[in-house]
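Numbering-wise (the working numbering), the sequence shown opens with residue 232 and increments by one.
Don't be surprised by glycine CBs; every beta carbon is placed ideally from N, CA and C.
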Amino acid sequence: MAFQPYVRRIQLNDWAWQANEDLGSLTVYGRQVWWGLVFSWQCYLRDSMVQPQKLGQVVMQNGLFGVWSYRGHLWVSCQRATAQDVQNKGAKTKPRYEVKQQWWWEFSDPSIHGMMESMDRWMLGLKQQHEVTWSSLSKPKKAKTKQSAGTIGVRDNRHIPQWVKIHVVLRDKGRCVYCDESNIKLLEFDHRKAWSKGGSSKDPVNICLGCRPCNRKKSNKDWGWQ
Ligand SMILES: [Zn+2]
Numbered sequence: 232m233a234f235q236p237y238v239r240r241i242q243l244n245d246w247a248w249q250a251n252e253d254l255g256s257l258t259v260y261g262r263q264v265w266w267g268l269v270f271s272w273q274c275y276l277r278d279s280m281v282q283p284q285k286l287g288q289v290v291m292q293n294g295l296f297g298v299w300s301y302r303g304h305l306w307v308s309c310q311r312a313t314a315q316d317v318q319n320k321g322a323k324t325k326p327r328y329e330v331k332q333q334w335w336w337e338f339s340d341p342s343i344h345g346m347m348e349s350m351d352r353w354m355l356g357l358k359q360q361h362e363v364t365w366s367s368l369s370k371p372k373k374a375k376t377k378q379s380a381g382t383i384g385v386r387d388n389r390h391i392p393q394w395v396k397i398h399v400v401l402r403d404k405g406r407c408v409y410c411d412e413s414n415i416k417l418l419e420f421d422h423r424k425a426w427s428k429g430g431s432s433k434d435p436v437n438i439c440l441g442c443r444p445c446n447r448k449k450s451n452k453d454w455g456w457q
């Protein structure tokens with residue numbers, strides 16, 4: 232007879248998340264299952280929207296159970312259950328995505344929260360909440376007669392902010408998007424549309440991970456060399 236894995240969703244009032252500054256802990260049925268950096272937790276949550284992530288184990292009266300995060304929910308499983316079993320069980324569950332739980336919420340400027348959420352939703356295959364177009368963010372809504380000092384700073388700066396870098400590294404999973412190179416010593420941040428041609432350094436959509444050889448080939452083309 233085929234093995235029937237036990238996988239159940241944990242009800243909201245059976246788990247609790249507590250955070251103290253940078254450290255957080257997850258309690259399931261009153262027992263601590265995971266603790267660590269809030270940032271790592273947010274990365275887990277993010278990855279677990281796509282692929283079940285095993286967080287730890289919990290001891291119950293009838294044995295030891297695995298605890299997983301998947302699609303914004305927590306799951307318990309028997310010891311033998313695999314990520315695939317959790318995925319089979321949870322794939323049809325409505326994802327629970329909370330914008331304030333995302334790692335970038337506190338790092339980024341409130342004016343781009345809408346863009347970040349939209350990008351997350353696009354990457355995770357969730358329904359869009361707001362209509363956001365990337366290009367509308369870099370263009371001023373109406374031509375202003377006076378230019379404020381702030382708008383000059385945004386364009387005239389090649390610097391890629393830390394929050395963009397973190398987002399790009401997570402999204403591209405630490406690999407060159409052109410050839411899949413993962414050697415950290417060769418990886419660089421690449422402007423999809425060259426900065427010299429008006430490509431933004433502040434928009435994660437325009438920044439990707441590329442290895443040095445690929446970036447060299449690409450920038451030669453940008454300058455019209457072969
Ligand atoms: Zn490459």
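For the alpha helix (DSSP H) that residue i lies in, which residues bound it at each end?
{"i": "A247", "result": "Careful: A247 lies outside any alpha helix (DSSP H), inside the beta strand (DSSP E) at W246 to N251."}
{"i": "Q393", "result": "Q393 to R402"}
{"i": "L355", "result": "H344 to L355"}
Looking at the secondary structure, which residues open and close the beta strand (DSSP E) in which residue i lies?
{"i": "W265", "result": "R262 to L268"}
{"i": "K285", "result": "Q284 to M291"}
Report the residue from the options whose alpha carbon sits nearest the alpha carbon of residue i.
{"i": "G297", "options": "Q359, H398 and Y260", "result": "Y260"}
{"i": "S271", "options": "R443, L295, W246 and Q332", "result": "Q332"}
{"i": "K433", "options": "N451, S339, V264 and N414", "result": "S339"}
{"i": "Q318", "options": "S279, Q360 and D421", "result": "S279"}
{"i": "D421", "options": "S450, K404, G429 and I397", "result": "S450"}
{"i": "H389", "options": "G429, V408, W353 and N414", "result": "Looking at the sequence shown, residue 389 is not His but Arg. When only C-alpha atoms are compared, the closest one is G429."}
{"i": "D316", "options": "Q263, R240, G345 and K358", "result": "R240"}
{"i": "I391", "options": "A425, P283, I415 and K416", "result": "A425"}
{"i": "T324", "options": "V238, E412 and P444", "result": "V238"}
{"i": "W299", "options": "L286, W353 and I397", "result": "L286"}
{"i": "R406", "options": "L418, H398 and I397", "result": "L418"}
{"i": "H309", "options": "R302, P326, M291 and N437", "result": "Checking the sequence shown, residue 309 turns out to be Cys, not His. That would be M291, whose Cα lies nearest to the Cα of C309."}
{"i": "Q249", "options": "E329, Q263 and D411", "result": "Q263"}
So if DSSP puts residue i in a beta bridge, which residue, or which two residues, is it bridged to?
{"i": "W257", "result": "Per the sequence shown, the amino acid found at residue 257 is Leu instead of Trp. W248 and W265."}
{"i": "E419", "result": "G441"}
{"i": "R240", "result": "W306"}
Any chance you could list the residues with Cβ under 5 Å from a heavy atom of ligand 1, keeping chain order?
C407, Y409, C410, E412, C442 and C445
Threshold first: 4 residues or longer. Then list the alpha helix (DSSP H) segments lying entirely within the stretch 288 to 333, N to C.
314 to 321
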